[in-house]
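K.L.:
Following this message is one structure expressed as structure tokens.
Protein chains: 2
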Amino acid sequence: MSRPPSDVPPTTPAAPQPAAHRPAQPGDPRAGTIVGDLSEAELLERFLPLLARPGAEHVLLGPGDDCAVVAAPDGRFVITTDTQVQDQDFRTAWPSGVVPTGFDTGVKCAAQNLADVAAMGAVPTAVVVSLTLPPGTPVAWPEDFARGLVAGFEDMGAARCAVVGGDLGAGRELSVTATVTGDLEGREPVRRSGAREGGVVALAGTTGRAAAGVALLDDTRYRPGADPALDELARAQLRPCAPVPAGPVAARGGATAMIDLSDGLLRDAGRVAAASGVVVDLDAGAVAALAEPLLPAGLLLGTDPRDWVLGGGEDHGLLAVFPQGVPLPAGFRAIGSCAPAPPAHDGPHPRVLLDGRAPHLALGHPVGEGWDHFEP
Amino acid sequence: MSRPPSDVPPTTPAAPQPAAHRPAQPGDPRAGTIVGDLSEAELLERFLPLLARPGAEHVLLGPGDDCAVVAAPDGRFVITTDTQVQDQDFRTAWPSGVVPTGFDTGVKCAAQNLADVAAMGAVPTAVVVSLTLPPGTPVAWPEDFARGLVAGFEDMGAARCAVVGGDLGAGRELSVTATVTGDLEGREPVRRSGAREGGVVALAGTTGRAAAGVALLDDTRYRPGADPALDELARAQLRPCAPVPAGPVAARGGATAMIDLSDGLLRDAGRVAAASGVVVDLDAGAVAALAEPLLPAGLLLGTDPRDWVLGGGEDHGLLAVFPQGVPLPAGFRAIGSCAPAPPAHDGPHPRVLLDGRAPHLALGHPVGEGWDHFEP
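Chains as they are written, first to last, in the working numbering: chain A, 23 to 398; chain B, 23 to 398.
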């Protein structure tokens, strides 16, 4: 997907910067003012103005009261929530030497929340965000987070979306929870359960890049700044770009099912298949094409890049199913089709196939069927 | 406020139970199945059914897809979010020997979120909830939390409110974030800024009890079960009961300003005064009356109970301002009035007075002007 124009500075530096060039992190004596030096009110005074966005006409009452008030023109709204926890969902330092900032976490927060709204075919309207900050956190961290969140809205084409409220609190662990709402603009929500036999399975955005990025960032063989192709994959992990406008485009274009690819293609396509009572048959050629840009990382790390395409989440691409014969909207590429589920009396069957056969991840790298927070 | 009838078992035991009688806590070898033993999907399978509520007609699409869909009949919704972090906003054990459960945290989560919606004059409609759980947490904890949340909805008169989505993730620290939405039913939101000179300042629910409860729970001189009056105060901290229906009642009854007393009467009344450009003059007799049920705790701990009334939050009472001469709705008691703010050229002035004078907290107990997450 091409990105919409943006008034804000680019969110993606030429290459992830090594630690020495990056802002101070929690616990760093270079940090300057820390969160514990300020009252909650003082911190809010610095934080909230960074979130202000002009022209959000649907925000009837913004932050500052017990609640915000948001317009829901068609008498409904969609809502979802996501949490990121330090060292679990984001890192403050990678073995490769890359030190992410609050800006990165802000962009990631925007991507994962906006993509969920887009996957219903809705347009994001409002976000409330809660930050739990250890008292030693530099004040620059929540400030950078706010800038990254708003830049993410702009860069991902969620121009109407505004932060309307939040909560700042202390804890031992840095954690971010955002809840986002969206407007269906009079359309029915596009659910996971609407895929039908013969439907064309199509992807907007990317899949596997963020997973390749994790593998790179986690490995000392990756040297930030030495290879632009690798740096781009690292950026896909640090600052994912969800194809948010593609969600409403798909809904208008006749998509009958849609899901945000946050947990990996196999797992998320399997969810569509299970909810719809079909089998998703992915096209091996399309998977190979998606893996092609990941090959430099695969060669460096000795990983078949198709593993990342099939198993990796966090790019926040959108997987949609269109009825056979419907022209795919701009930004979508066909990557498979829906086949009938085998009769129940045949016993358990794989929900997702690759060219008609159960997918087999090529190498020993245990990406499994995507990401589970509680698996060992 | 009297509580509405409820089909669920009472949420408040006769007395907070000492540790030996309570369910296992995180890290406890008695715990049985822990969160780390289950996959995210298995945990959701146990968690989500506990949140199901019949008859929530405004929930157009419940949990299980990328987003939920909620009705907003008047074309708007109110929204707010709150986070509770273990050892910061709730404890897993108190010096008095009381060991709270996930149920307590669920009730507390309901109270603080529902009260914010009520304070706008709105009716709570939907909640999304995110739990961050250390892998060693007993599975009973999130299960108890879900039961407490739903029991809280019932007991606090938010019968229409339903959990429509959430997020379960792992972290080092137990943390709960809820976002709640509400329906204004065609009315204008009741803001903090609408208090006018001569207005009557009125309270629904209580204030100071939860603060007295903290002081008791935190002190080995408090022996759970020995004095019902003290146990009731401890319960006000463990399982607060916000007067949720009083919010829409106040809005219908002509309230021009309203706030949830989550950070203490002085601080929250000061917010109304600042936003409205008035001074709130509290009635010392009314404050004394509110302090009266706290006297047994004050005598035990050597604290003037008026300090708790003026400085303590977390009861989640509602403070509303009604125009002079308007009859107060049922459930509200007058506790003060609004006076004109002194001219700006007179310099800084206290926002809140007690019988016309700057309030002076009686004893050395530094409750200040309420709660700030980042103050030392």
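Backbone N, C-alpha and C define an ideal beta-carbon position, used for all residues, glycine too.
In chain B, which residues lie with their C-beta within 8 Å of the C-beta of alanine 279 of chain A?
P.N.:
Within chain B, no residue comes near alanine 279 of chain A; the closest Cβ sits about 10 Å away, beyond 8 Å.
K.L.:
Output, in sequence order along the chain, the residues in the segment 93–110 of chain B whose CB is closer than 7 Å to any CB in chain A.
P.N.:
Taking 7 Å as the Cβ-Cβ cut-off against chain A, the residues of the segment 93–110 of chain B that qualify are Ala93, Ala94, Pro95, Gly97, Arg98, Phe99, Val100, Ile101, Thr102, Thr103, Asp104, Thr105, Val107, Gln110.
K.L.:
Check whether the segment 231–245 of chain A and the segment 289–298 of chain A touch, using three or more Cβ-Cβ pairs below 8 Å as the test.
P.N.:
Result no; under three Cβ-Cβ pairs closer than 8 Å.
K.L.:
Any beta carbon from chain A within less than 8 Å of aspartate 282 of chain B's own beta carbon?
P.N.:
Yes, aspartate 282 of chain B lies at the interface with chain A (some Cβ there is under 8 Å from its Cβ).
K.L.:
Give me the Cα-Cα distance between tryptophan 163 of chain B and threonine 55 of chain A, rounded to the nearest whole angstrom.
P.N.:
Using only the alpha carbons, I get a separation of about 37 Å.
K.L.:
So does the segment 335–344 of chain B actually touch the segment 272–282 of chain B, counting three or more Cβ pairs closer than 8 Å?
P.N.:
Touching, yes, given that three or more Cβ pairs across the two stretches are closer than 8 Å.
K.L.:
With H, G and I counted as helix, E and B as strand and the rest as coil, what does DSSP make of alanine 264 of chain B?
P.N.:
Coil, per DSSP.
K.L.:
Does any CB atom of chain A fall closer than 8 Å to the CB of glutamate 336 of chain B?
P.N.:
No, no contact with chain A.
K.L.:
Which runs of the alpha helix (DSSP H) spanning at least 4 residues fall entirely within the segment 91–165 of chain B, listed in chain order?
P.N.:
Correct list: 124–140.
K.L.:
Using only the alpha-carbon positions, how far apart do aspartate 126 of chain B and leucine 312 of chain A sit?
P.N.:
About 49 Å.
K.L.:
So is threonine 355 of chain A buried or exposed if we call it buried at 16+ other beta carbons inside 10 Å?
P.N.:
Looking at the sequence provided, one finds arginine at residue 355 of chain A rather than threonine. Result: exposed.
K.L.:
For valine 202 of chain A, list the residues DSSP reports as bridge partners.
P.N.:
For valine 202 of chain A, which the question treats as bridged, DSSP gives the partners A:Thr102, A:Val149.
K.L.:
Going by DSSP, what residues sit across from leucine 376 of chain A in a beta bridge?
P.N.:
Looking at the DSSP assignment, leucine 376 of chain A forms a beta bridge with A:Leu304, A:Arg379.
K.L.:
Using three-state DSSP, classify valine 348 of chain A as helix, strand or coil.
P.N.:
Three-state result, valine 348 of chain A: coil.
K.L.:
What is the rounded straight-line gap between the Cα of glutamate 176 of chain B and the Cα of isoleucine 357 of chain B?
P.N.:
Spanning the two alpha carbons is a distance of roughly 28 Å.
K.L.:
Which residues, in order along the segment 124–137 of chain B, keep a beta-carbon less than 7 Å from a beta-carbon of chain A?
P.N.:
For the segment 124–137 of chain B, which is checked against every Cβ of chain A, not one residue is closer than 7 Å.
K.L.:
Can you check whether the C-beta of arginine 379 of chain B is within less than 8 Å of a C-beta belonging to chain A?
P.N.:
No, its Cβ sits nowhere closer than 8 Å to a Cβ of chain A.
K.L.:
State yes or no: is the beta carbon of valine 294 of chain A nearer than 8 Å to at least one beta carbon in chain D?
P.N.:
Absent from the structure: chain D. Protein chains present are A and B.
K.L.:
So is leucine 82 of chain B in contact with chain A if we call contact Cβ pairs under 8 Å?
P.N.:
Yes, its Cβ sits closer than 8 Å to a Cβ of chain A.
K.L.:
Restricting to Cα atoms, I'd like to know which of B:Gly335, B:Asp303, B:Leu73 is closest to leucine 260 of chain B.
P.N.:
Measuring from the Cα of leucine 260 of chain B, the nearest candidate turns out to be B:Gly335.
K.L.:
Please determine if the segment 158–173 of chain B and the segment 281–294 of chain B are in contact, where contact requires at least 3 C-beta pairs separated by less than 8 Å.
P.N.:
Because the criterion of three Cβ pairs below 8 Å is not met, the segment 158–173 of chain B and the segment 281–294 of chain B do not touch.
K.L.:
Hey, how far is the Cα of valine 121 of chain B from the Cα of aspartate 368 of chain B?
P.N.:
Their backbone Cα atoms lie some 51 Å apart in a straight line.
K.L.:
Determine, using beta-carbon pairs with one atom in the segment 262–276 of chain A and one in the segment 361–377 of chain A, whether at least three such pairs fall under 8 Å.
P.N.:
Not touching, per the Cβ criterion.
K.L.:
Measure the alpha-carbon distance for methionine 23 of chain A versus leucine 340 of chain A and round it to whole angstroms.
P.N.:
Bear in mind that a pLDDT of 35 at methionine 23 of chain A, under 50, signals an unreliable position, so the number given afterwards is only what the model happens to contain. Taking the straight line joining both Cα atoms gives about 11 Å.
K.L.:
Where do the N-terminal and C-terminal ends of the alpha helix (DSSP H) with alanine 224 of chain B fall, by residue?
P.N.:
Element bounds for alanine 224 of chain B: not the alpha helix (DSSP H) but the beta strand (DSSP E), 222–226.
K.L.:
If I'm right that threonine 413 of chain B touches isoleucine 101 of chain B with Cβ under 8 Å, what's the distance once you round it to whole angstroms?
P.N.:
Since the first and last residues shown for chain B are 23 and 398, residue 413 of chain B lies out of range.
K.L.:
Quick one, which of A:Ser284, A:Leu66, A:Val301 has its alpha-carbon nearest arginine 373 of chain A's?
P.N.:
Considering only alpha carbons, the answer is A:Val301.
K.L.:
Can you give the Cα-Cα distance for aspartate 305 of chain A and arginine 379 of chain A, rounded to whole angstroms?
P.N.:
Spanning the two alpha carbons is a distance of roughly 10 Å.
K.L.:
Under three-state DSSP, which class holds leucine 255 of chain B?
P.N.:
Reduced to three states, the DSSP call for leucine 255 of chain B is helix.
K.L.:
Are the Cβ atoms of glycine 286 of chain B and glycine 333 of chain B separated by less than 8 Å?
P.N.:
Yes, the Cβ-Cβ distance between glycine 286 of chain B and glycine 333 of chain B is below 8 Å.
K.L.:
If I measure Cβ to Cβ from valine 271 of chain B and keep anything under 6 Å in the same chain, skipping five residues before and after, which residues do I get?
P.N.:
Here the set comprises Pro351.
K.L.:
Please check if any C-beta of chain B sits within less than 8 Å of the C-beta of serine 197 of chain A.
P.N.:
Output row for serine 197 of chain A: interface = yes.
K.L.:
Aspartate 87 of chain B by DSSP, collapsed to three states: which one?
P.N.:
Correct three-state label for aspartate 87 of chain B: strand.
K.L.:
With a CB to CB cut of under 6 Å and the five nearest residues on each side skipped, what residues in its chain are close to phenylalanine 69 of chain A?
P.N.:
Closer than 6 Å at the Cβ level, and outside the excluded window around phenylalanine 69 of chain A, lie Pro164, Ala168.
K.L.:
Work out the CA separation of threonine 203 of chain A and valine 198 of chain B for me, nearest whole Å.
P.N.:
Looking at the two C-alpha atoms, the distance is approximately 19 Å.
K.L.:
Measuring only the C-alpha atoms, how far is proline 85 of chain B from asparagine 135 of chain B?
P.N.:
In a straight line, the C-alpha of proline 85 of chain B is about 19 Å away from that of asparagine 135 of chain B.
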